[in-house]
Amino acid sequence: MTRVTCDPTGQFLALHSSTGPTRFHAIWLRDNAPDAASRSPVNGQRLHCLQDIPTDTFIKGARLAAGKVSVTFSPEEKTVEYDPAWLMKNAYDRPSATDRGRTGDDLKLWDASHTGHVKAADYATLRAGGDALAGWLDQLVRFGFGRISGVPVVEGALFDIVALFGFVRETNYGRHFDVRTEVNPTNLAFTGLGLQAHTDNPYRDPVPTLQVLHCLESSAAGGENMVVDGFAAATRLRAENEYWFDLLADHCARFEYSGEAGVHLTARQPIIGLAPDGELISVRFNNRSLAAVTDVPFDLMGDWYAAYRRLGEIIDDPAMQIAFRLEPGEAFVVDNTRVLHARRGYSGTGTRWLQGCYADKDGLRSLRDAMLMAKKTEADA
Ligand code: FE2
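Residue numbers (my numbering): 42 to 422.
Given below as structure tokens:
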């Protein structure tokens, strides 16, 4: 940082470096003042609301002093010091990213050719915490998918998996659900048919953001689990046909479940979810739970169905899928807002027993970020 200059009206200042000026508004700076009167020294929370700051706030003066940016605001006549590194980390004076369908910087999209992240982490090692847990959580955030081996083969062990990073999301299905299959081809009722890849519970708002599945029994042949990166599938759809991508992003689908007494869950959300600036943030895809779609105009419904069909074909493409057989004591976690999961069909006879539950990724991201931040602080020290 070489110098700081102020707009003549006091509405913004500019920090100058070798790469050029970076501007900050007076109201933004004042609202983000880090002094003890503005932010709690204990928890960092803001102590004022915007109405406490005068509407006609302007920068009366600004200078570099002792490595800090010192700013005096009028009419409060209040001087606040800012860390230049913090300002540059939070700078917003840059072209906005507007590419529709782009994905977050910390995400890695994948397909069948990228299998490196499928290696299972050892449960006991994860329980010890430290770098192994931080790395696994980081992988889960970036790929939306993680496997674990060495989990005790006992009922309820999936709750201990969730305890590694967060809390169980209880639903009308209970704290957990059992997926038991008795495979007997002579009786169709017990045949383990395959399921198309899907995200779970799209009829909920908010949707459960993580799903955990833990295997307790697996004596039937076949029945592999399979996952698909929904963000990679949506990105491929957009590359093939931008109009179809827009149709699925710009119109709400409807999802519904009323399969038990006293339950009628409904959600009105698009299949491809975008943030207001176009970032791809969610995929909801579940043929079994799609209700009658009524939010697509008549003139576009035929095209919407063509787009929906093509997305399903992409999801069904083996080139997008990673399959693995879940043995007793193995588990996997998926980001249910992004990664679709499925079970392939069984052959022969035998039993299969999985326990599943939902959790949320805010806790997972929180722990990952806290662990990575602590590691960086330790490295910087
Ligand atoms: Fe499912």
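Every residue gets a Cβ at the ideal spot worked out from N, C-alpha and C, and that includes glycine.
Within the same chain, and ignoring the five residues on either side of T43 in sequence, the residues whose Cβ sits closer than 6 Å to its Cβ are H57. Sorted by position in the chain, H239, D241, H382 make up the residues whose C-beta lies under 6 Å from a heavy atom of ligand 1. Around the C-beta of E283, fewer than 16 other C-beta atoms lie within 10 Å, and the residue is accordingly described as exposed. Boundaries of the beta strand (DSSP E) around F218: 218-224.
For Y346, the uninterrupted alpha helix (DSSP H) run begins and ends at 339-357, by DSSP.
Beta-bridge annotation (DSSP): I313 is paired with V324. Counting only runs of at least 3 residues, the region 231-310 fully encloses the following beta strand (DSSP E) elements, listed from N- to C-terminal order: 251-259, 266-270, 294-298, 306-310. Annotation: Y346 to V337 spans about 10 Å, alpha carbon to alpha carbon. Here the alpha carbon of D134 sits roughly 13 Å from the alpha carbon of L70. A distance of 8 Å or more separates the beta carbons of M342 and V269. Here DSSP, grouped into helix, strand and coil, assigns E117 to coil. Under the rule that a run must span 3 or more residues, the beta strand (DSSP E) segments found entirely inside the region 80-133 read 99-106, 109-115, 119-123. The secondary-structure analysis by DSSP pairs D72 with nothing; it has no beta-bridge partner. In the three-state scheme derived from DSSP, where H, G and I count as helix and E and B as strand, D376 is classed as strand.
Using a 10 angstroms sphere on the CB of V324, the tally of other CB atoms reaches 16 or more, which defines it as buried. Under the DSSP definition of a beta bridge, D336 lacks any partner. For Y164, no beta strand (DSSP E) segment is defined; the enclosing uninterrupted segment is the alpha helix (DSSP H) at 164-168.
Counting every other CB atom within 10 Å of its CB across the protein chains shown gives C90 a total below 16, marking it as exposed.
Between A165 and G191, the gap from beta carbon to beta carbon is short of 8 Å. By the neighbour-count criterion, in which a residue is buried when 16 or more other Cβ atoms sit within 10 angstroms of its Cβ, A302 is exposed.
Secondary structure at Q180: helix, using DSSP grouped into helix, strand and coil.
If you look at T418, you'll find it in the alpha helix (DSSP H) that goes 402-421. A straight line joining the alpha-carbon of F53 with that of G176 spans about 41 Å. In the DSSP assignment, L56 falls within the beta strand (DSSP E) that extends over 53-58. In the displayed model, L174 falls within a helix according to three-state DSSP. One thing to note: T63 has its Cβ no nearer than 8 Å to the Cβ of A106.
DSSP places F365 in no alpha helix (DSSP H) but in the uninterrupted beta strand (DSSP E) bounded by 362-365.
The beta-bridge partner set that DSSP reports for H66 consists of F53. Distance check between F200 and each of V253, L288, W151, L167 places V253 closest, using alpha-carbon atoms only. By the CB criterion at 8 Å, A198 and H255 fall inside the cutoff. Apart from sequence neighbours up to five positions away, the residues of its chain that approach D344 with a beta-carbon distance below 8 Å are Y284, W285, L288, ordered along the chain. Residue pairing by DSSP places I189 opposite A162, A372 in a beta bridge. In the assembly as shown, A138 is an exposed residue. Its beta-carbon has fewer than 16 other beta-carbons within 10 Å. Per DSSP, reduced to three states, the secondary structure at L205 is coil, with no helix or strand assignment.
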